[in-house]
Structures are given as C-alpha cells and as structure tokens.
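Structure record follows, encoded as structure tokens.
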Ligand code: G3I
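In the working numbering, the protein residues as written are 1226 to 1582.
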C-alpha cells in the first residue's frame, strides 16, 4: 500500500478517532479531527505566544496540540522586562517557560537587543560609556542566564538592517557601543551567559527586499568571520498575499547558502496586499495558501541540519498583531491557521497536507 499525504492524514485521523485521542483542540470538522501539525512536521513547528493568551479558552489547547516550539512575542523583550526603576520583571517569561516544559515544547527567547526597545532605564545612561556597557552586559547576562536550560535559543539582535535595506540601523545601542560593537558585545555576552543556547540574529522583509537581504547576509558573514558566536539566521517572513511566486524560495536559498541553521521565525500572511492585488477574497485565500505552501516546501528542502524550525506568528487570527489598528493593522485581517474561534481554516488543511507530505 503506497502512502500518500491523504492516506497518511486519513489513517492518523482514523486511529485518533478510534482510541479517543481526540482532545478539545482536535476540533472535529466535516473533514474529521484536525491532525496535530507538530506530529506531521518533519522539523520543529512553532507558534508565538503572549502568556495572557494562555487564559483565553481553547488557545492553550491549540498551542500544545499543534506546536512543539514557542516564540515569546513580548515577555522576553526589554519593554516588558525592564521596569522604570531598573528592576527586571520575569513573571510572563516564566509562565511561558513553564508552559513549554509542561508540553514538551522548545522555548525560543525573543529578543535580547532590539532598536525598537529603548527603555528609559538605559536611555538615562546614554553617553555614559562605562555605565552603559555595564548595564548592557548585566542585562543580557541576567536574562539569558535566568533562562539557561529553559530557552533553547535566543534572538540576540533583532532587525539590525534599516527598512530601506542598504544600511545598518542606528539605535541607542549602536550609538553607545558602536555599530559592530553592540552586535559583537550582545552575542558574546549571550554566549557567556548561556553557552548551550543557539544564538540568532533575525530580520524581516528579506524575501521582498533583495537589497535588505544582501545587507543582512553580509553582516552575518562579516560577524562570523570575526568569530562572533552567531549560530543561526532568523527570517521573519511577515508576508502579504501579493508577494510574487518564487520570492520566498529564492530568499530561503540565499539565506541557507551561509550554511547556518535557519529559523522561519514569524511567518504570517496578511490578506491585505502591500501593493495592487485582485480584490476577491477567494483569490486572496488562494494566494495565501500558495504562500504558506511555498514557504514550507522551500524550508523542507533545506538540509536537515539547517532546519532549526518554522514558526507561525500566532495561533488564532483574533490575537494577530496584524489586527491591531494601533499598529497600522486591519481588524479584518486573517493571516494565521486558525480563525477567531480557533477553528482550522482552509489554509490549515493545506499546511497539514504540505507538512504531512
Ligand atoms: O500585555 C499588555 C497589556 O497588559 C496592556 O493592557 C496592553 C496595553 O498597552 O499592552 C499589552 O502589551 C502589548 C503586547 O504586545 C501584548 O499584546 C504591548 O503593549 C505591545 O507593544 C506588544 O506588541 C508586540 C510588538 O512586537 C512590540 O513588542 C506584538 O505583540 C508582537 O507581535 C510584535 O512582534 C514583532 C516582533 O517582536 C519583531 N518582528 C515584528 C513583529 C510584529 O511587529
């Protein structure tokens, strides 16, 4: 009997239905129970969580059933951890770490240093070189050290390249420690704090902006040549339905050419096109399915040693950052695998088939 995707999924569903393994997150549908994506994926398959979401009925069940990796969307960032008086807050990160441990999931820490996170506690040290260095080193040492043995990996420096793509960003960190200096220091401090953690740098629009991709990869190559302990590359992949066919494949190929582990770290596919695109919802749903498939297939084509993981940036559409109008989002957007009620969408079934294949 030859196993094809449908047979594989069908038999898994039949077995699950027989022995009552169908749990609340299995969402029996007209197609039968939704298969656990983490069991189908040939590589770690993750999601992004904020600990408050674990209190939303059904979200924790979906997160534990379908994903074996959790990327922290907010609570391991400075904006959450660093309080006005300099004290550090860890309740959110600890809750996510406990959830991962309880569900045999990998915790991916996001992110130690980000141009967009410049807490007042650090800004008051702006220009005081020695004090700034000590606070920077101390922060990374305390945070990465606290999660040693609990976080498998860290996004150490997030989004180092400008939107336009030809330059490295200026920030509070680069201003006080140097453009290369802050990057080198962050990775060296993280390595010292947790020698076993896999250390990433992570950026977005690498698939839609070849200039940015080249600048980012040149930075990584230069740092690796300097002996900076960069272990992996994160490509966020926040895409929209009008991304041209083949862009994700080409980007994955270029990123993988450095030979490092690759993390598709924040995949979502907005139904709101960046440019001009057919207005029909059906056309946009078809395009969304195609882009999820292309991303997964190009990722699955990487050597196994480079498949660190594929992370979807959230569980239900309802909690997606793309819905946040204060973030320039659109309340009608549906970028993820599960709808507002946590039901699997057509794109979920396509992803299940692609993963199972
Ligand atoms: O949890 C608090 C809540 O208690 C409070 O009432 C509310 C009012 O301000 O804020 C809530 O925290 C918000 C948090 O998301 C959880 O919803 C923060 O203000 C808000 O800044 C935070 O936004 C996150 C954003 O990064 C900034 O950290 C988004 O969830 C997260 O999806 C987004 O993720 C980024 C990646 O880090 C980098 N790549 C782009 C990606 C999307 O912007």
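Cβ atoms here follow ideal geometry from the backbone N, Cα and C, with glycine treated the same way. Since we're looking at a predicted model, the values are computed, not measured.
Exposure of residue 1316 is indicated by the presence of fewer than 16 other C-beta atoms within 10 angstroms of its C-beta.
When Cβ pairs closer than 8 Å are counted between the two stretches, the stretch 1318-1333 is seen to touch the stretch 1287-1304, the count reaching three or more.
From the listed residues 1401, 1321, 1483 and 1406, the smallest Cα separation to residue 1347 is found for 1401. Residue 1455 and residue 1418 have their C-alpha atoms spaced approximately 14 Å apart. Taken in chain order, the unbroken stretches of beta strand (DSSP E) that lie wholly in the stretch 1485-1524 and span 3 residues or more are 1487-1495.
Beyond the five residues adjoining it in sequence on each side, residue 1299 comes within less than 6 Å, by CB distance, of 1275 and 1305 in the same chain, given in chain order. Sorting 1562, 1482, 1536 and 1409 by C-alpha distance to the C-alpha of residue 1528 places 1482 at the top. In the DSSP assignment, residue 1379 falls within the beta strand (DSSP E) that extends over 1376-1383.
Under the DSSP assignment, residue 1364 falls outside any beta strand (DSSP E), being part of the alpha helix (DSSP H) whose first and last residues are 1354-1371. Fewer than three beta-carbon pairs drawn from the stretch 1305-1314 and the stretch 1560-1567 are found closer than 8 Å, and the two stretches are therefore not classed as touching. One Cα belongs to residue 1386, the other to residue 1504, and the distance between them is close to 32 Å. Inclusion of residue 1338 and residue 1422 in the CB contact set at 8 Å is not warranted, their separation being larger than that value. The stretch 1469-1488 makes contact with the stretch 1444-1458: 3 or more CB pairs, one atom from each, lie closer than 8 Å.
Short note on residue 1299: C-beta closer than 7 Å to some heavy atom of ligand 1.
Contact check for residue 1425 against residue 1458 passes: the beta carbons are separated by less than 8 Å. Exposure of residue 1557 is indicated by the presence of fewer than 16 other C-beta atoms within 10 angstroms of its C-beta. The alpha carbon of residue 1500 has as its nearest neighbour, out of 1490, 1467, 1519 and 1521, the alpha carbon of 1467. Annotation note: the stretch 1403-1446 contains the following uninterrupted alpha helix (DSSP H) runs of length 4 or greater, listed N- to C-terminal: 1404-1418.
In this structure, the alpha-carbon of residue 1480 lies about 11 Å from that of residue 1428. Three or more beta-carbon pairs separated by less than 8 Å are not found between the stretch 1381-1396 and the stretch 1351-1358, which leaves the two stretches without contact. Look at residue 1396 here: in three-state DSSP terms it is coil, with no helix or strand label.
Per DSSP, the unbroken alpha helix (DSSP H) holding residue 1576 starts and ends at 1571-1581. DSSP links residue 1313 through a beta bridge to 1307.
In terms of Cβ geometry, residue 1333 and residue 1283 do not form a close pair [threshold 8 Å]. Under DSSP, residue 1333 forms a beta bridge with 1296 and 1378.
For residue 1397, same chain residues with a beta-carbon under 7 Å away, outside a window of 5 residues either side, are 1343, 1347, 1348 and 1351 in chain order.
Judged by their CB atoms, residue 1476 and residue 1514 are not nearer to each other than the 8 Å cut-off. Taking the Cα positions, residue 1571 is about 32 Å away from residue 1384. Excluding residues up to 5 positions away in sequence, 1271, 1296 and 1490 lie with their Cβ nearer than 6 Å to the Cβ of residue 1536 in the same chain. The closest heavy atom of ligand 1 lies less than 7 Å from the beta carbon of residue 1461. In this structure, residue 1275 has its CB closer than 7 Å to one or more heavy atoms of ligand 1.
At least one heavy atom of ligand 1 is found less than 7 Å from the C-beta of residue 1429. Residues of the same chain with a CB within less than 7 Å of the CB of residue 1510, apart from the 5 flanking positions on each side, are 1571 in chain order.
In the three-state DSSP reduction, residue 1340 falls in the coil class, being neither helix nor strand. Relative to ligand 1, residue 1383 has its C-beta within less than 7 Å of a heavy atom. Taken atom to atom, the span from the alpha-carbon of residue 1256 to that of residue 1542 is near 21 Å.
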